[in-house]
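Chains G and H are the protein sequences, given in the same order.
Count along the first sequence starting at 1, add 1, and that's the number in the working numbering.
Count along the second sequence starting at 1, add 1, and that's the number in the working numbering.
Everything below concerns the one structure shown next.
Protein chains: 2
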Amino acid sequence: MDTKSHDNPKNKPTPSLNRRTSGDDNYLLIEAVKQEDVMLIKQLLERGADVNFQEEDGGWSPLHNAVQTCREDIVDLLLRSGADPFLKKKNGATPFIIAGIVGDVTLLRLFLSVGADINECDHNGFTAFMEAAVYGRVDALKFLWELGAEVDLGRKTIEDQRKLGKGGATALMDAAEKGQVEVLRLLLEEMGANVNVCDNMGRNALIHALVKPDNSNVEAIARLLLDHGVDVNVRGEKGKTPLILAVEKNHLALVQMLLEQEHIGINDTDRDGKTALWWAVDLKLTKIVALLCNKGASADCGNIVMLAKRRYLNNDLVNLLRCHGAREDAPPPAEDWKPQSSRWGPALKHLHRICSPVIGKLKIFIEEKYKIADTSEGGIYLGFYQEQEVAVKRFSEVSPRGQKEVSCLQSIRANSNLVTLYGTESVGGCLYVCISLCERTLEEHLGNHGGEAVENKEDVLARDILLSIFKAVVELHLSCGYAHQDLQPRNILIDSKNAVRLADFDKSIKWAGEPEHIQTDLEALGRLVLYVVTRGDIPFETLKIKITKEVIKLSLNEEIKDLIKSLCHPGENVTKHLSNLLGHPFFWSWESRYRTLRDVGNESDIKLGKKNSYILQLLEPTPSKEHYSFHQWTSKIDKYVMGKMNAFYTKKGKKGKKYQDSVGDLLKFIRNLGEHINEEKNKDMKEIIQDPAQYFQKTFPELVIYVYTKLQNTEYARHFPKSHNTLEPCCGRGDGGQQAGQF
Amino acid sequence: MDTKSHDNPKNKPTPSLNRRTSGDDNYLLIEAVKQEDVMLIKQLLERGADVNFQEEDGGWSPLHNAVQTCREDIVDLLLRSGADPFLKKKNGATPFIIAGIVGDVTLLRLFLSVGADINECDHNGFTAFMEAAVYGRVDALKFLWELGAEVDLGRKTIEDQRKLGKGGATALMDAAEKGQVEVLRLLLEEMGANVNVCDNMGRNALIHALVKPDNSNVEAIARLLLDHGVDVNVRGEKGKTPLILAVEKNHLALVQMLLEQEHIGINDTDRDGKTALWWAVDLKLTKIVALLCNKGASADCGNIVMLAKRRYLNNDLVNLLRCHGAREDAPPPAEDWKPQSSRWGPALKHLHRICSPVIGKLKIFIEEKYKIADTSEGGIYLGFYQEQEVAVKRFSEVSPRGQKEVSCLQSIRANSNLVTLYGTESVGGCLYVCISLCERTLEEHLGNHGGEAVENKEDVLARDILLSIFKAVVELHLSCGYAHQDLQPRNILIDSKNAVRLADFDKSIKWAGEPEHIQTDLEALGRLVLYVVTRGDIPFETLKIKITKEVIKLSLNEEIKDLIKSLCHPGENVTKHLSNLLGHPFFWSWESRYRTLRDVGNESDIKLGKKNSYILQLLEPTPSKEHYSFHQWTSKIDKYVMGKMNAFYTKKGKKGKKYQDSVGDLLKFIRNLGEHINEEKNKDMKEIIQDPAQYFQKTFPELVIYVYTKLQNTEYARHFPKSHNTLEPCCGRGDGGQQAGQF
């Protein structure tokens, strides 16, 4: 040990005195005390530094610091300068208690002389006497005892702590826990400490001695306590007895010592019903197993023979257990556990049943049968995190991808469109990331659904799936601030409630506003749209390497083409673009498309066929109009219906007027038919048209996207359905409220 | 040790031979081998039991079991009966490898003689030689070595494991890790094992020796390895050197031994930049601190003096550190961390900055300034769980309430209306439950919003809050299967995005279909409705003890009265009742109420005033009709508007006909006005009425609930807005699509 130096060490910088505010001086004073610079302390005090100033952290004052460094001269100086000898740190500790920690008898005497209470305690109930015991300050302990410190005083603590059973520990327990043999001896032999006092959780000094894993003096401590008649059958955490704790420590001598005690409960179980012998077998402690058996421990606890064999204990030991009452026919506990996942159910049931060492809160077994998927690092396996079924993604502990995965998952908790993080475990250089267990990937899901694209029918499946994916990505970008960077069918999962959950964030990027990261996700989404509507016909890997133009060309219809184009060319406001696309016609039900067409057709200008009308100009087709299905639309409507609808003009007194082939007139036609079709007198039309929503969508498949494109940035966009933007509360009226038509 | 018994122990039950299926016999055969009952084995084999049958768990066959029990006679019997000597267990282990585990030389020789490969390994790469090293089977080890087993063979493992850096360990590392001194000596001194071979993570035998906490032979092992020139500067997990690992073990002798090595990197840091000296100070290992300093360790690593003082190391040691280059003026690392919570921001910043021991993944400090709320057990405090800000609810480890809280929270992950579980920690008899940190309770939130109930205005705040609460409870009941049992304003939280989150599940009950548990929640919800609409005017505690009748009487209007009544008298289908109530008019916007009234008024029967019409009969008021605001409604409409609307009849050729005071005519009036009001010629009416939705709601406040009550179980309920039921996908058309009116 080096020599004790009370002088200012040479390599220490002197705080500058140039700063002049008194606030600075207060900090400088504390710094000067810490560095034991008496001259500077005097200077600062003279200049008016506050001698009772307390640091924000912990509430240390100059006096507390002076006591901690055992500088009696500085303490003296500070007290003479008006330092409050009773000032409390934030934790309630007074200078007197700190003197107990550092074991400075002179200072203890000094503070007693100015009025300190010998049993005064901090907010956790620590007295100077207890602190001296904790830190092994024998002289201070003796001094305090001689002056009347209460030996068996238990710690009083704040209400919240008391409610949890904290507090009540004594100096004896402290000495036992910290391995302070000398202090323990003093307490027991000279100061008459009660060896069997218990703390508020009912633990005595023997339990305290066994609590910490690294009490190197535990044997000497236990010997002393046993010699003084400590109760050997008290319980610690999880109901463990001293014997069980000693076994868990693999401490043969201690086990032996405890077994020599007359009243030792050799077969006592902990809260899980396990005995010392069970633990010894489980931990493969062959010597302790033999010792316990020879001392008469019963092996009649669960299927201990099976456990012993699984741990490959010697056959001698197995037979020894048999001779001590081990039952081999104990049936395995009834399994009434039911998995939630149906796909992984059988494997989960198996994993639930087998014995496997647990990693923290995770039960996992690396075997092909429990494997969910391959990854570039360590695969994804089934597991139980705190008894709940999870998918476990494994990474190397130093893997940047693992770090990305965890950091992103931590930021997206409680988002129902993204997978949920249950927790992580890290052991043996391997990181285990536990997330919600899903049933299948999007790839597999589409495979289950016929594998055929839906043409000329409402594709509800694709719409629902893509809507969920879009919402998930919007949430990820806007609420969570991450860009995914690896959107593909195998990273999109379907859970047991058939909900879509976005997963696999190991390439994700904490998004700081760079448009290119969002753009990468949008382009992948474009390919996903095509992948989903074609039911995975073209492998995603193929789509991924195609240029955007080619992807757009593969679109099944104009609507999908427009959606993909829009994803690949987001324009300037990249950030908001995706959430705006939730309002794209692709996501409108056929029912609400029909409603929209009727509402637009109900505009006065359209009904009146008003010349020079803005909306009619907007809607007039560009040159290549013959490509549209609605070019010469009157010829494409059922002849009988067209005739009857034209006849209404006559009735209304507009003789000879007919519907024209303009888009405006088509919309008016749709509106008028919609208002009429359910009337008794139009039963014949209804017979032909059936559901008008279906009829118009099939007859003019690109009418909706055409109208949408023309009107989207005008006031007429008010007729469009409300968007599915998840960031706004979704509380719309359904589109099912059809009204009886009336002219 | 007891004598080795090869006979069937007396206390073992004999398996019954009454069961006759051959499947049973296969299991019986395995059981008979386990119990070493030769007679029974013979009987079963003769009767046709499958000698190569493998158990589902682990794939153990009779032969594997016979080898494990070292019964050479049984092994012989089985082989003669056709047992496959190369059969693999599920983990790939052959009988030969198991013979290595049990160290039975006779069996090893036997299997080699029938063709076993001396270096054959299981799926994790374990050979018989490695197993003999693991289990300390010296004779077997020697035998295998003499017959040519490869000494330095590293474990080959499956792809997934190899990617994580697993595998590559040798018998030497096994012996070092398991504390098998004798084996280690043999390997090094007789078998010429390479002391410096590393596994796939770059760890040598010395690191392996230091990895496990309970290697009681670590000193002898290290001595042997050092004597054979093992590299002392390799790294283990988290970049820790053998010296740092020895310090962390508080193993003075080992530290000393390592420091005597010529090339020891005394100042090497681990991945977190911490040296052996730093760890010694942190762990208060005074002797090791002194030893390291005296051996020349540098103390120039972070603010080690501050750490030493915080740990109350003796001043001698602090000064010793100063003499070894400790800097005291090292500024604390710059804090660029920003809290997410604004309310708890300052306290979180402080907690983030201070040093506090970590409980597992949780940083917490029990002090008033970090306290969020009181509870009956241990309070709720701010904390950081894996660096994320959380609220930490404390329970005693044995508290049933704590168990309930955790079990419910585990079942409700990823529900955005409920608080989210981040994780739990358990230490010192205390359970720490870490959940999402919210900004304030409902109580505080309502206090912030004026504290005044809204009368005669659309109360969007109350509607939104209650809708979220209702949805949360529906999710809890139906998706999660729990009943809350303690719904009250302090258990309903508002997060930083102003979303409502249901919390506090420590009284919750896993719901098994008992209607009374749901009913308890519904009754509490009834009181919450009143509490929210009155902005907390009446304390919840007062409402809670009021009888239902009184609560209903306090309702501000008929709608609220109906909602509360319905909650308190749920009828027979208690389970579905709450989700049905999401469609109650209380949750309809004023806009959609207006739309509903217009749509009902558009029914043909109402427009035509058809006699004996079902809907008109339904709508006719009961005796006490004068209580309704819409009694004699024509007198309550603005006179000018009433006159003009009546005049339309005349125009339509129905001379002298007027609107009557019936509900049916009122609805017709609302419908007709709605269709007309936006037309140019009706500008004067629009001027008076302004927004018709507001006008009708204010003039006839209980019209909507009246119509709802009368029509709710009829086909006309189709005109009601779609419900907010969260369990169905919510993708409706907004109610903003207003149509230009037209007769």
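For every residue, glycine included, the Cβ atom is placed at its ideal position computed from N, Cα and C.
This one's a predicted model, so the numbers in the text were calculated from it and none came from an experiment.
Spell out the partners DSSP gives H:R395 in its beta bridges. Locating residue 395 of chain H in the second sequence gives position 394, where the first residue counts as 1. Answer by DSSP bridge pairing, in chain order: H:Y433.
On the three-state DSSP scale, how would you describe H:Y660? The sequence position of residue 660 of chain H within the second sequence is 659, counting from 1. Secondary structure at H:Y660: coil, using DSSP grouped into helix, strand and coil.
Give the DSSP bridge partners of H:F385, in chain order. In the second sequence, counting from the first residue as 1, residue 385 of chain H sits at position 384. Under DSSP, the beta-bridge partners assigned to H:F385 are H:K364 and H:E390.
Spell out whether any CB of chain H is found under 8 Å from the CB atom of G:C71. Position 70 of the first sequence, counted from the start, is the residue given in the question as residue 71 of chain G. G:C71 counts as touching chain H.
If the cut is a Cβ gap below 7 Å, which residues of chain G does H:G379 touch? Looking up residue 379 of chain H in the second sequence gives position 378. Correct list: D161, K164 and L165.
Note down, in chain order, each residue of its chain lying with its Cβ closer than 8 Å to the Cβ of H:S437, except the 5 sequence neighbours on either side. As a working note, residue 437 of chain H is residue 436 in the second sequence. These residues qualify, in order along the chain: V391, A392, V420, T421, Y423, D496 and R502.
If we define contact as Cβ-Cβ less than 8 Å, is H:V103 a contact residue for chain G? Looking up residue 103 of chain H in the second sequence gives position 102. So yes, H:V103 belongs to the interface.
C-alpha gap between H:E1 and H:A117, whole angstroms: This structure leaves residue 1 of chain H out entirely; chain H is present only between 2 and 744.
Decide if G:N251 is buried, meaning its Cβ has at least 16 other Cβ atoms within 10 Å, or exposed. Here residue 251 of chain G is taken as the residue at index 250 of the first sequence, counted from 1. G:N251 comes out buried.
Please name the residues in the stretch 35-58 of chain G whose beta-carbon is closer than 7 Å to at least one beta-carbon of chain H, in chain order. From the stretch 35-58 of chain G, only Q36 and D58 have a Cβ closer than 7 Å to chain H.
Does DSSP put G:L583 in a helix, a strand or coil? For the purposes of this step, residue 583 of chain G is taken as residue 582 along the first sequence, with counting starting at 1. In the three-state reduction of the DSSP assignment, G:L583 falls in the coil class.
Are any of the Cβ atoms in chain G nearer than 8 Å to that of H:R402? If you number the second sequence from 1, residue 402 of chain H lands on position 401. Cβ-Cβ to chain G under 8 Å: no for H:R402.
State yes or no: is the beta carbon of H:K310 nearer than 8 Å to at least one beta carbon in chain G? Your numbering for residue 310 of chain H matches position 309 in the second sequence. True, the Cβ-Cβ gap to chain G drops below 8 Å.
Exposed unless 16 or more other CB atoms sit within 10 angstroms - verdict on H:D123: As a first step, residue 123 of chain H is located in the second sequence; it is residue number 122 there, counting from the start. The residue is buried, with at least 16 neighbouring Cβ atoms inside 10 Å.
Nearest to G:S397 (by Cα), restricted to the options H:R354, H:L468 and H:D161: For the purposes of this step, residue 397 of chain G is taken as the residue at position 396 of the first sequence. Nearest C-alpha to G:S397: H:D161.
Starting from G:P214, find everything on chain H with Cβ-Cβ shorter than 8 Å and list it in chain order. Walking along the first sequence from the start, residue 214 of chain G turns up at place 213. Residues of chain H with a Cβ closer than 8 Å to the Cβ of G:P214 are, in chain order, P214.
Could you give the distance in angstroms between the alpha-carbon of G:T543 and the alpha-carbon of G:W591? Position 542 of the first sequence, counted from the first residue, corresponds to residue 543 of chain G. Position 590 of the first sequence, counted from the first residue, corresponds to residue 591 of chain G. Approximately 31 Å, taken between the alpha carbons.
Is DSSP giving G:G644 helix, strand or coil here? On the first sequence, residue 644 of chain G is found 643 positions in, with the first residue counted as 1. Shown here, G:G644 sits in a helix according to DSSP, grouped into three states.
Under the rule that 16 or more other beta-carbon atoms within 10 Å means buried, what is H:V290, buried or exposed? What you label residue 290 of chain H is simply residue 289 of the second sequence in a count that begins at 1. Here H:V290 is buried. Its C-beta has 16 or more other C-beta atoms within 10 Å.
Given that G:Y136 touches chain H, what residues does it touch there, using C-beta distances under 8 Å? Mapped onto the first sequence, residue 136 of chain G falls at position 135. By Cβ distance, chain H contributes Y313.
Rounded to whole angstroms, what is the Cα-Cα separation between H:A648 and H:L667? The residue you call residue 648 of chain H lines up with position 647 of the second sequence. The residue you call residue 667 of chain H lines up with position 666 of the second sequence. A straight-line Cα-Cα distance of about 16 Å links H:A648 and H:L667.
Neighbour list for H:C431 in chain G, Cβ cutoff strictly below 7 Å: The residue given as residue 431 of chain H occupies position 430 in the second sequence. Ordered by position in chain G, the residues that pass the 7 Å Cβ test against H:C431 are L165.
Beta carbon of H:L108, beta carbon of H:N53: below 8 Å? As a working mapping, residue 108 of chain H is identified with position 107 in the second sequence. As a working mapping, residue 53 of chain H is identified with position 52 in the second sequence. Not closer than 8 Å, so no.
Under 8 Å between beta-carbons, which chain G residues line up against H:A194? List them in chain order, please. The count along the second sequence starts at 1 and reaches residue 194 of chain H at position 193. Within 8 Å Cβ-Cβ: nothing; H:A194 doesn't reach chain G, min ~23 Å.
Could you check whether the Cβ of G:M174 sits closer than 8 Å to any Cβ belonging to chain H? Sequence index remark: in the first sequence, residue 174 of chain G carries index 173 (1-based). Cβ-Cβ to chain H under 8 Å: no for G:M174.
At a Cβ threshold of 8 Å, is H:K645 touching chain G? Taking the second sequence and counting its residues from 1, one reaches residue 645 of chain H at position 644. No, no contact with chain G.
Identify every residue that forms a DSSP beta bridge with H:E426. Locating residue 426 of chain H in the second sequence gives position 425, where the first residue counts as 1. Within the DSSP secondary-structure output, H:E426 pairs in a beta bridge with H:Y433.
Buried or exposed: H:G612, going by 16 or more other Cβ atoms within 10 Å of its Cβ? The residue labelled residue 612 of chain H in the question sits at position 611 within the second sequence. In the sequence under discussion, the amino acid at residue 612 of chain H is Lys, which differs from the Gly named in the question. By the neighbour-count rule (16 or more Cβ atoms within 10 Å), H:K612 is not buried but exposed.
For G:R502, the first and last residue of its enclosing alpha helix (DSSP H): Against the first sequence, residue 502 of chain G aligns to sequence position 501. No alpha helix (DSSP H) contains G:R502, which is instead part of the beta strand (DSSP E) from V501 to L503.
Is G:A415 close to chain H, meaning its C-beta is less than 8 Å from at least one C-beta of that chain? Taking the first sequence and counting its residues from 1, the one referred to as residue 415 of chain G is at position 414. A Cβ of chain H is located within less than 8 Å of the beta carbon of G:A415.
Measure how close the beta-carbons of H:L568 and H:L531 come, nearest whole angstrom, since I'm counting them as under 8 Å. One-based indexing of the second sequence puts residue 568 of chain H at position 567. One-based indexing of the second sequence puts residue 531 of chain H at position 530. Between H:L568 and H:L531 the beta-carbon gap is near 10 Å, outside 8 Å, which marks them as no contact.
Go through its chain and collect everything with a Cβ distance to G:D3's Cβ below 7 Å, but skip five positions before and after it. Taking the first residue of the first sequence as 1, we reach residue 3 of chain G at position 2. Confidence at G:D3 is low in this model, with a pLDDT of 41, below 50, so the placement of that residue is unreliable and no value is reported for it.
For H:P340, collect the residues of the same chain with a Cβ closer than 7 Å to its Cβ; drop the 5 residues on either side in sequence, then sort them by chain order. Taking the first residue of the second sequence as position 1, residue 340 of chain H is located at position 339. Cβ-Cβ distances below 7 Å link H:P340 to G346, L349, K350 and E390 in the same chain, with the five nearest sequence neighbours on each side left out; the list follows chain order.
H:Y717 to H:V601, Cα distance in whole Å? Within the second sequence, numbered from 1, the residue matching residue 717 of chain H stands at position 716. Within the second sequence, numbered from 1, the residue matching residue 601 of chain H stands at position 600. Cα-Cα distance, rounded: 7 Å.
Spell out a yes or no on whether the stretch 468-477 of chain G and the stretch 200-219 of chain H are touching, meaning 3 or more CB-CB pairs, one atom from each, closer than 8 Å. They do not touch, by the three-pair rule.
Kindly list, in the order they appear in chain H, the residues whose Cβ is closer than 8 Å to that of G:R395. Working through the first sequence from its first residue, we reach residue 395 of chain G at position 394. Correct list: D161 and L165.
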